[in-house]
Amino acid sequence: MSAVLVHRATTVYRNRAATAASHFTYLLTVKCIVGDRIAMTSVLLLYSSKGKECGNSSTSERLRKLLMDVEIVCTCKQIGDFADTQSLNAYLQVDNFHCVIGIHAYRVGKLLIGCLLPYALVFAGTDLNTHIHDANKLPVIAEAVLGARHLIAFSQDHFNVAVTLWPKQKHKVIKQPQSVITNPESTFSFNAHLQEHLGIEQQNMTIFLLVAGIRPIKDPLFLVDAMADWHQSDPSIYLLIIGPEEFVNLAKRLVSSNQLKDDLVTQAGNYVRAEHSLSKEMDTYCNIVKTMAN
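Just so you know, the sequence shown maps onto residues 5 to 298 in my numbering.
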C-alpha cells in the first residue's frame, strides 16, 4: 500500500473512531468527583406549562430524553412544585443537583433569581414576544437573564431580540433551534392511523397537517370554516391541524402543482436537517450542562 493510501486509510479510521467515540466523550466529561467516587451529573429541568399541549411541556420532555441518552441524570419539574426560590434551593440541595435549565425567562426566571446553583435560561417564546413589553415583567426577566450562565434562543429573531435588549450579555446567548425527527417507525401506517382514530377510510386523500396545540394564543381555529367549505367541494381535502392566515390559498396552489410540492418537500427536508438537527441540539445542551457542572 502506498504512503498516500496508508495516510488516507489512517485518516478515515481516525475519523470513524472519533465519530464513534463522540458520545462516549460526553459520558466521561459529565461525571463529577464526589469524595473518592465518581457521580453522574444531575440537572433539574424547570418549566412552566399550561398543559400537555403546551410547547414547554413537550420541549422539557424532549430535552430530558436527550440528556438521559448521554447519561446525564435529568429531572423535570414544573414551577408549581415550588412555593418560592427558598423551597427550590432546599430541593436542589437535598437531591444534590449540579445545575438547572429553566424554560421561560419570566415564569421560570423569577423563580431562578437567587438560585444557589448555576442555571441556563431558555427563551420559550411568549417571554420575548409578549412579556418584555410589560413594564412590570421586563425587570424580572432582565434580572434572571443577568444571573444566567447561558441563554438559549430557538430562532434568529429571538437571538436578535435578546442581544438588543441585553447587549452586554451577548456572549451568553446561543441560537439553538428545537430538533425535529421526521423518520416514523417502519411499522407505522398513516392511513391505518386515520381510519382507526378518525374514521377516515377514503383513498387518495390530500391532508394538511400542522403540529401545534389549539390554544387562544395560537388561534388556529379561524380557518376551519374556509377549509370546511373546500372539503364540501372536494371531499379528498382534509385538515387535521391548521397554520397561517394565508394557508388556504397556499394549500390550493400546492395541490395543483407537482413541481411546487416536490420543491417544498425537498426544501423542507434540507431545512430540517440544517436547522433542527437532533445531534446539534444534543451537543449544545451537553456542553451547557458540562460547563455549569464544572
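Glycine included, every Cβ here is placed at the ideal spot set by N, Cα and C. Owing to the predicted nature of the structure, the values given are computational and were not obtained by experimental measurement.
DSSP, read as helix, strand or coil, puts residue 290 in helix. Per DSSP, the beta bridge partners of residue 49 are 80, 105. Among the bridge pairs identified by DSSP, residue 139 is matched with none. Cβ-Cβ distances below 7 angstroms link residue 149 to 109, 125, 155, 170, 173 in the same chain, with the five nearest sequence neighbours on each side left out; the list follows chain order. In the three-state scheme derived from DSSP, where H, G and I count as helix and E and B as strand, residue 120 is classed as coil. Taken atom to atom, the span from the alpha-carbon of residue 104 to that of residue 47 is near 5 angstroms. Using a 10 angstroms sphere on the CB of residue 288, the tally of other CB atoms reaches 16 or more, which defines it as buried. Annotation: the continuous alpha helix (DSSP H) that includes residue 163 extends over 160-169.
Under the three-state reduction of DSSP output, residue 44 falls in the strand class.
Residue 60 is classed as buried because its beta carbon has at least 16 other beta carbons within 10 Å across all chains shown. In the DSSP assignment, residue 126 is bridged to 107, 156. The beta-carbon separation of residue 152 and residue 114, rounded to 13 angstroms, does not stay under the 8 angstroms limit for a contact. For residue 205, the CB contacts under 7 angstroms within the same chain, skipping 5 residues up- and downstream, are 199 in chain order. The three-state reading of DSSP puts residue 213 in coil, since its state is none of H, G, I, E or B.
Put simply, the backbone Cα of residue 283 is about 13 angstroms away from that of residue 69.
Taking the Cα positions, residue 135 is about 20 angstroms away from residue 178. Partner residues in the beta bridge of residue 242, as assigned by DSSP, are 211.
The three-state secondary structure of residue 177, taken from DSSP, is strand. In summary, residue 194 is exposed, with fewer than 16 beta-carbon neighbours lying within 10 Å of its beta-carbon over all protein chains present. A check of alpha carbon separations from residue 64 across 75, 76, 73, 81 identifies 81 as the nearest. In the structure shown, the three-state DSSP call for residue 232 is helix. If you ignore the 5 residues before and after residue 119, its C-beta comes within less than 7 angstroms of the C-beta of 89, 92, 93, 104, all in its own chain and listed in chain order.
Here residue 263 carries a helix assignment [DSSP, helix/strand/coil]. Using a C-beta cut-off of 8 angstroms, the segment 230-243 makes no contact with the segment 261-274, since fewer than three inter-stretch Cβ pairs fall below that distance. Contact between residue 181 and residue 158 holds, since their C-beta atoms are separated by about 6 angstroms, short of 8 angstroms. Using a Cβ distance threshold of 7 angstroms, residue 128 and residue 107 count as a contacting pair.
Only buried fits residue 285, as 16 or more other CB atoms lie within 10 angstroms of its CB. When DSSP states are grouped into helix, strand and coil, residue 182 belongs to the coil group. Excluding five sequence positions before and after residue 130, none of the CB atoms of its chain fall closer than 6 angstroms to its own CB. DSSP, reduced to helix, strand and coil, places residue 89 within a helical segment of the structure shown. Around residue 117, the same chain offers 89, 147, 148, 151 as residues with beta carbons nearer than 7 angstroms, after the five sequence neighbours per side are excluded.
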